[in-house]
Amino acid sequence: MLKIEDLHVKFHARDREAVGGISFSISDGEILGLVGESGSGKSVTAMTVAGLLNREKADARGRVLLDGTDLLTLNEQEMRRLRGKEIGVVFQEPQSCMDPLMKVGTQVEEALRIHTHASPAERRRAALRGLEQVELGDVETVYGKYPHELSGGQLQRAMIAAAILTRPKLLLLDEPTTALDVTIQAQILELLKKLNREQGISMLFISHNLQVVRRLCSRVVVMQRGHIVEAGETEQVYASPRDAYTQKLIAAIPRRERREL
Ligand SMILES: Nc1ncnc2c1ncn2[C@@H]1O[C@H](COP(=O)(O)OP(=O)(O)OP(=O)(O)O)[C@@H](O)[C@H]1O
């Protein structure tokens with residue numbers, strides 16, 4: 002489904018490559034975890050796949066194949082057409098991704114307005130259905146609210162609804178639960194599992210927290226300083242990490258949290 006081959010990303014302003022030649026793939030319906038500490042290149046990888054890298058500031062080379070199409074060969078207009086339709090994106094801070102002056106419902110249906118010919122009534126119906134899928138309770142009320150009237154967890158659910166409304170093949174999730182407290186975080190992880198199970202959406206789930214990845218992803222890729230240092234079945238990597246850096250990431254998980262899993 003997604004196949005990344007020898008991807009390099011270099012910002013012009015930097016000497017060292019942010020991503021220094023990585024390769025991995027995601028199969029149909031799979032949730033792949035991408036972990037590593039801050040600055041390891043996780044977000045830059047996701048931004049490249051989403052076509053959000055500023056081409057005036059950075060160069061990407063290698064291949065990023067989505068069902069056989071190399072995304073690195075597409076121009077910005079072609080990439081815009083794909084993003085939001087075939088690739089959905091969810092970031093860490095839902096507050097900063099939403100327009101504070103626009104109703105939540107209007108923002109959830111945005112992708113349909115851009116990518117389809119759906120009428121306003123059809124868009125509204127689809128948005129309400131989306132809000133139901135992410136279990137937002139009284140969806141008519143939520144639809145008419147402004148972002149500041151929702152909690153962080155509710156907003157993140159709304160962002161997920163927006164990202165999946167066009168039924169994308171791939172959902173990129175960059176630290177989607179990091180800003181949320183642990184209870185809400187667990188609920189969002191359950192929601193993602195459900196969406197993956199019921200709709201078969203493939204996901205790239207980025208986190209600095211191997212613990213969170215373990216709850217969601219069957220396979221994991223570990224990045225350090227722009228390179229992949231370890232990859233494999235999450236349970237196996239967790240049980241017997243081969244790389245010293247992975248061992249360090251596991252050791253960073255508080256013992257109490259390690260037991261809870
Ligand atoms: N716009 C930019 N200009 C220059 N360098 C950048 C830019 N964005 C990211 N970088 C650099 O690229 C490298 C990888 O950053 P990236 O954001 O992908 O790390 P990350 O693993 O996602 O970390 P975090 O969890 O903090 O987001 C870092 O060294 C970072 O400083």
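FYI, our numbering numbers position 167 of the sequence shown as 168, with every residue one higher than the one before it.
Ideal Cβ positions, reconstructed from N, Cα and C, are used throughout, including at glycine.
According to the Cβ coordinates, are residue i and residue j closer than 7 Å?
{"i": "G34", "j": "F206", "result": "yes"}
{"i": "L250", "j": "L211", "result": "yes"}
{"i": "G37", "j": "M224", "result": "yes"}
{"i": "S203", "j": "L171", "result": "yes"}
{"i": "I229", "j": "I88", "result": "no"}
{"i": "L132", "j": "A162", "result": "yes"}
{"i": "G52", "j": "H9", "result": "no"}
{"i": "K104", "j": "G154", "result": "no"}
{"i": "R158", "j": "L137", "result": "yes"}
{"i": "R256", "j": "T235", "result": "no"}
{"i": "V238", "j": "V222", "result": "no"}
{"i": "A112", "j": "T167", "result": "yes"}
{"i": "L3", "j": "I32", "result": "no"}
What are the partner residues of residue i, as DSSP defines its beta bridges?
{"i": "Q225", "result": "H228"}
{"i": "T66", "result": "The question names Thr, yet the displayed sequence has Leu at residue 66. According to DSSP, L66 bridges with K4 and D71."}
{"i": "A61", "result": "V10"}
{"i": "I165", "result": "For I165, which the question treats as bridged, DSSP gives no partner whatsoever."}
{"i": "G233", "result": "V221"}
{"i": "G34", "result": "F206 and V221"}
{"i": "L172", "result": "G89 and M204"}
{"i": "R256", "result": "In the DSSP output, where bridge partners are listed per residue, R256 has none listed."}
Counting along the chain, where does the beta strand (DSSP E) carrying residue i start and finish?
{"i": "S24", "result": "V20 to I27"}
{"i": "I115", "result": "Element bounds for I115: not the beta strand (DSSP E) but the alpha helix (DSSP H), E111 to H116."}
{"i": "M48", "result": "Premise fails: M48 lies in the alpha helix (DSSP H), K43 to A51, not in any beta strand (DSSP E)."}
Within the continuous alpha helix (DSSP H) that includes residue i, where are the two ends?
{"i": "L196", "result": "V183 to Q200"}
{"i": "V135", "result": "Where V135 is concerned, there is no enclosing alpha helix (DSSP H), given that its DSSP letter is neither H nor E."}
{"i": "I263", "result": "Coverage of the chain is limited to positions 2 through 262, which leaves residue 263 absent and any answer about it impossible."}
{"i": "T142", "result": "V140 to Y144"}
{"i": "M80", "result": "E77 to L83"}
{"i": "P95", "result": "P95 to C98"}
Are the stretch 164-178 and the stretch 38-55 touching, with three or more C-beta to C-beta distances below 8 Å?
yes
Sufficient close CB pairs (3 or more, under 8 Å) joining the stretch 107-124 to the stretch 57-70
no
Are the stretch 143-153 and the stretch 78-86 touching by the rule of at least three beta carbon pairs closer than 8 Å?
no
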